[in-house]
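For the sequence shown, the numbering used here begins at 2 and goes up steadily by one.
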Amino acid sequence: MKTLNIFFLSLIIIVVACQQTQTKSDLPVKNPDGSWIKKAYYEKSGKLKSEITVKDKKKNGPAKEYYPSGKLRTLVNYVDNVTVGETIWYYENGQPYRVTPYINGKMEGIRKTYYDNGKLQAEIPYKNGEAIEGLKEYDKYGKLITNYPQIVFELKNNLKVDNKIILTCKLDKNARDLIFLQETTSSDNKKVLYPLPINNGISRLEFYIPSQVTVNKTVTIWAKFKTMLGNPYTINKTYQLKVDTY
């Protein structure tokens, strides 16, 4: 019985010692500036999954995520939980996949994406977190892609029926995640884009035109959609609506 008690006591001491050793190895070590690195590990392999620099209970500094192989997957920089500078995603072969500039937590500037061989795939301009006009895409051979869908207008004159002019807009090619927006001007003279209802890829605008009037109206329509490479594409086109009901 005494021997059994000694065995269990020894076992408890070993378990506690192992726990203490593990706890000590996982304890974060503070840097001179008061920051420390929070780490997470893959459950099965025990390999490092992510590490985030923390200071004052906020993400401050680089945050890294790793593939199960140990290769770097993402690199994000933070200041007080806000994304700043360049955020980089990597292929597992080490080549950058996507490089995005951030200012105060919002995408600002030219986001660049790459093929896994390192060649440039796309340059996507952003302003205040929104993709804007000016997308450039390249095929795997470096050739600029230009065959994007374009806006097409069709006008239907219903003046004799109900005093209406109907203007429809669509794309000349199919596109993913398509939305149409009409550009208007707010009371403080700022450009505003209003989403238009869309049915089977077509948006429809109706204009009531009374008799004995002359109409000369500029209609500006924006289209936003995803390209074949999955990047956001933005275009606009203007239609000059001219009607005389005298």
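All C-beta atoms, glycine included, are put in the ideal place defined by N, C-alpha and C.
Asked	Found
Best match in Lys107, Ile89, Asn148 and Thr169 for proximity to Tyr275 [C-alpha to C-alpha]	In this structure the chain extends from 2 to 247, so residue 275 is not present and cannot be described.
Per-residue DSSP class, three states only, for Val80	strand
The ligand MG heavy atom lying under 6 Å from the CB of Leu121	Within the structure as shown, the ligand MG is missing, as the structure has no ligands at all.
Among Gly110, Arg112, Tyr116 and Gly106, nearest to Gly95 - alpha-carbon criterion	Tyr116
Pairwise C-alpha distance: Asp140 and Lys65	30 Å
Buried or exposed (CB count within 10 angstroms, at least 16 for buried), Thr239	exposed
Cβ-based burial, Lys59 [other Cβ within 10 Å; buried from 16]	exposed
Per-residue DSSP class, three states only, for Thr22	Any answer about Thr22 is weak, because its pLDDT of 36 lies below 50 and its placement is not dependable; what the coordinates show is given next. Three-state DSSP puts Thr22 in a helix.
Where Met229 falls, given that 16 or more other Cβ within 10 Å makes a residue buried	exposed
Neighbourhood of Gln151 by C-beta distance below 6 Å, restricted to the same chain and skipping five residues each side	Asp173
Cβ-based burial, Thr101 [other Cβ within 10 Å; buried from 16]	buried
N-terminal and C-terminal residue of the beta strand (DSSP E) that Val216 is part of	Thr215 to Lys227
Candidates Leu160, Gln241, Gly71 and Lys171, of which the one nearest Ser1 by Cα	Since the displayed the chain opens at 2 and closes at 247, residue 1 lies outside it and no answer follows.
Check whether Thr169 and Ile203 have beta carbons under 7 Å apart	yes
Nearest-angstrom Cα separation, counted from Lys192 out to Lys120	37 Å
Distance CB(Met108)-CB(Gly130) smaller than 7 Å	yes
Own chain, CB closer than 6 Å to Ile53, minus 5 neighbours either side, in chain order	Lys39, Lys60 and Ala64
In DSSP terms, what Gln241 is bridged to	Thr219
Endpoints, the beta strand (DSSP E) within which Lys157 is located	Ile152 to Asn159
Identified DSSP bridge partners for Arg99	Trp90 and Thr114
Residue closest to Thr246, alpha-carbon to alpha-carbon, out of Thr88, Asn159, Lys48 and Gly135	Asn159
Cβ distance (whole Å) where Ile199 is taken to contact Ile222 below 8 Å	The Cβ separation is near 11 Å, so there is no contact.
Proximity below 7 Å, CB of Glu93 to CB of Tyr67	no
Helix, strand or coil at Asp163 [DSSP, three-state]	helix
6 Å CB neighbourhood of Phe208 in its chain, flanking five on each side removed	Ile166
Whole-Å CB distance - Val83 paired with Asn105, under 8 Å assumed	6 Å
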